[in-house]
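Trainee: Numbers in this note's numbering are just positions in the sequence shown, counted from 1, shifted up by 1301. Think of the CB as a built atom: it goes at the ideal place given N, C-alpha and C, for glycine as much as any other residue. All values reported here derive from a predicted model rather than from experimental measurement. Provided herewith is a single structure, encoded as structure tokens, for subsequent inquiry.
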Amino acid sequence: MPNGDSELKNGRRYIFGAMKAILEALAASAGDIKAKELTSILQEKRKNLSEGTSKNPKKVPKRWKQFSKSVFGSRKAVEVGPNGLYVNTASLDELNLENVEPQDLSLLQLLALNALDLTAPASDILLKNRTNTWVQLSGHEGAFARAGPGTIWKKCTGDNRELQAYKSLMKDELADMVPKFYRDIDYHGQRFIEMQDLLQSFVKPSIMDIKMGTRTFLESEVQNAKSRTDLYEKMIKVDSHAPTYEEQEAKAITKLRYMQFRENLSSSSTLGFRIEGFKTGDQEPMNDLKLVKTREEVIDVMRKFLGNREVIHNQVIDRLLILRMKMESSEFLMSHEVIGSSLLIVHDGKKAGVWMIDFAKTIPLPEGVSVSHRAPWLLGNHEDGYLTGLDNLISVLENCRP
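Now the structure itself:
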């Protein structure tokens, strides 16, 4: 690519995105090319281009065909007509790309697949395979997909709790402490939330997922007092000495007993938060941290994640202090219990950010009930311990500054 040729650069960026859309739709359709859907994707690309992504859109058709030839061996995969781009289904059929897998792609094809300017809709192959690293850390593989420049789609829960939480948060004091919510959308019978991709502005980011609160289960999940043998078996697999004498005799425990046992294994019970997992740069994720419990153990993990750059420590702490201030005056927090929510910490060695994520178990408080988010939990009082965890997290980070 000639240096300084911004026009060519813009044209190629446009082509990358459109070819990516074709690849994804081909893989998702398993050979059944949906020309109408593909054409709509490409028309959107043409529209974006005409709005200023290139100084000379008339040159794009030639470059499109050149790129199509170099990547897929065919100049005819997509035709350019007076009304924009359209799919040549006969040519696409000849390419035999319906079962394409990432490991089978050439370098240029990978560039097309990894381009970040898809303006959608996201295809099934994207929803299946294009997960973000932090999603994998927090245990929701397959729930996310990139869906546009700087945006991702997240599958809605059946009860739409998370969707309602995001809509409410956009009007709250906490709006800039969560991913920006754009819209909810139905696609192929599945509902998605389109939101800000928090990793977009970072280069080789390091990521940590911290589950907040002294309680990470809903009260409705533990109201059944029936003892269960399956939960007893789960308990003794982790710690054979954990059951009481009575529980050993019955070989059964209640759901509440099991959930509290599980949380007592980690720092959720001692500090009001636990580290779900973290990843530094290109390293493999570390997510086997269920037994990290003491303050000293948490500090050790935090030092490994944040490194010895004081500026990163300071940015994370400053962001958490702002979060606490906003939470203490948030109308949303005053009216909700926040269960199973996480803090996402991201840094790339030069800058850092912290956001609240995961609101699938965030629900409005019953009428007449108020919580401090710091008081101990008792069944029926709806306390979640979120601010207790935030207080302790700030204290831990202040103690592990370089």
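Can you say whether S1568 is buried or exposed, counting buried as having 16 or more other CB atoms within 10 angstroms of its CB?
Mentor: It is buried - the Cβ of S1568 has at least 16 other Cβ atoms within 10 Å.
Trainee: Around the Cβ of G1514, are there at least 16 other Cβ atoms within 10 angstroms (buried) or fewer (exposed)?
Mentor: So G1514 counts as buried.
Trainee: Return the residue from the list M1635, C1701, D1477 and D1531 that minimises the CA-CA distance to A1553.
Mentor: With distances taken between Cα atoms, A1553 lies closest to D1531.
Trainee: Pull up the CB-CB distance for F1660 and R1462, whole angstroms please, since I reckon it's below 8 Å.
Mentor: Right, the Cβ-Cβ distance comes to about 7 Å (below 8 Å), so this counts as a contact.
Trainee: Would you list the residues sitting across from W1678 in a DSSP beta bridge?
Mentor: Paired residues: none, contrary to the question.
Trainee: Does Q1497 come out as helix, strand or coil in the three-state DSSP assignment?
Mentor: Of the three classes helix, strand and coil, the one that applies to Q1497 here is strand, per DSSP.
Trainee: Please report how far the alpha carbon of I1613 lies from the alpha carbon of K1652, in whole angstroms.
Mentor: Spanning the two alpha carbons is a distance of roughly 6 Å.
Trainee: What is the DSSP secondary structure of M1509, reduced to helix, strand or coil?
Mentor: Correct three-state label for M1509: strand.
Trainee: Should L1688 be labelled buried (16 or more other beta-carbon atoms within 10 Å of its own) or exposed?
Mentor: Answer is buried; the Cβ neighbour count reaches 16.
Trainee: Report the residue from V1539, E1629, P1506 and S1631 whose alpha carbon sits nearest the alpha carbon of E1585.
Mentor: Ranking V1539, E1629, P1506 and S1631 by Cα distance to E1585 puts P1506 first.
Trainee: Considering Cα atoms alone, identify which of L1679, I1664, P1667 and D1685 is closest to S1673.
Mentor: For the residues L1679, I1664, P1667 and D1685, the minimum Cα distance to S1673 belongs to D1685.
Trainee: F1562 to R1484, Cα distance in whole Å?
Mentor: When rounded, the distance between both Cα atoms is 39 Å.
Trainee: Which of the three DSSP states is assigned to E1638 in this structure?
Mentor: Strand.
Trainee: Using only alpha-carbon positions, find the residue among S1528, V1523 and R1529 that is nearest to H1683.
Mentor: For H1683, the nearest C-alpha among the options comes from V1523.
Trainee: Which one of N1525, Y1559, S1696 and G1490 has the shortest CA to CA distance from K1538?
Mentor: Of the candidates N1525, Y1559, S1696 and G1490, the one whose C-alpha sits nearest the C-alpha of K1538 is Y1559.
Trainee: Please confirm whether E1550 and S1643 have their CB atoms less than 8 Å apart.
Mentor: No, they are not a contact pair.
Trainee: Does the separation of the CB atoms of R1625 and L1691 fall below 8 Å?
Mentor: The answer is yes: Cβ separation under 8 Å.
Trainee: Rounded to the nearest angstrom, what separates K1591 and E1547 at their Cα positions?
Mentor: Whole-angstrom Cα-Cα distance: 26 Å.
Trainee: Residues in the same chain with beta-carbon distance under 8 Å from P1667, minus the five sequence neighbours each way, listed in chain order, please.
Mentor: Excluding sequence neighbours, P1667 sits near H1683.
Trainee: Report all residues from its chain with a CB closer than 7 Å to the CB of A1526; omit the five preceding and five following residues, and keep chain order.
Mentor: Excluding positions up to five away in sequence, the list reads T1555.
Trainee: Using only the alpha-carbon positions, how far apart do K1456 and K1468 sit?
Mentor: Approximately 15 Å between the Cα atoms of the pair.
Trainee: Starting from T1530 and walking both ways along the alpha helix (DSSP H), at which residues does that stretch end?
Mentor: From DSSP, the alpha helix (DSSP H) with T1530 extends over T1530 to V1539.
Trainee: Given that a residue counts as buried once 16 or more other Cβ atoms are within 10 Å of its Cβ, and exposed if not, what is L1680?
Mentor: Counting Cβ neighbours within 10 Å, L1680 comes out exposed, since fewer than 16 surround it.
Trainee: Just how far apart, CA to CA, sit I1695 and K1580?
Mentor: Distance between the alpha carbons of I1695 and K1580 is about 20 Å.
Trainee: Exposed or buried, which one is L1350 when buried takes at least 16 other CB atoms within 10 Å?
Mentor: In this predicted model, L1350 has a pLDDT of only 42, less than 50, meaning its place in the structure is not dependable; the value taken from the coordinates is given anyway. Buried, by the Cβ-count rule.
Trainee: Given E1520, which residues of its chain have a CB within under 8 Å of its CB, disregarding the five upstream and five downstream residues?
Mentor: L1680, G1681 and H1683.
Trainee: By the three-class DSSP mapping on this structure, what secondary structure does L1592 have?
Mentor: Coil, per DSSP.
Trainee: For my contact list, G1650 and R1702 are in at a C-beta cut-off of 8 Å; report their separation, rounded to the angstrom.
Mentor: In fact, because the Cβ distance is near 16 Å, the residues do not count as touching under 8 Å.
Trainee: Does G1573 pass the burial test, meaning 16 or more other C-beta atoms within 10 Å, or should it be called exposed?
Mentor: Label assigned to G1573: buried.
Trainee: Going by CA-CA distance only, name the one from R1516, V1479, T1452 and D1540 that's closest to Q1501.
Mentor: Of R1516, V1479, T1452 and D1540, the residue nearest in Cα terms is T1452.
Trainee: Give the straight-line distance between the Cα atoms of V1599 and S1528, rounded to the nearest whole angstrom.
Mentor: Approximately 33 Å between the Cα atoms of the pair.
Trainee: Grab me the residues of K1512's own chain with a C-beta within less than 6 Å of its C-beta, minus the 5 sequence neighbours each way, in chain order.
Mentor: These residues qualify, in order along the chain: R1575, E1577 and S1643.
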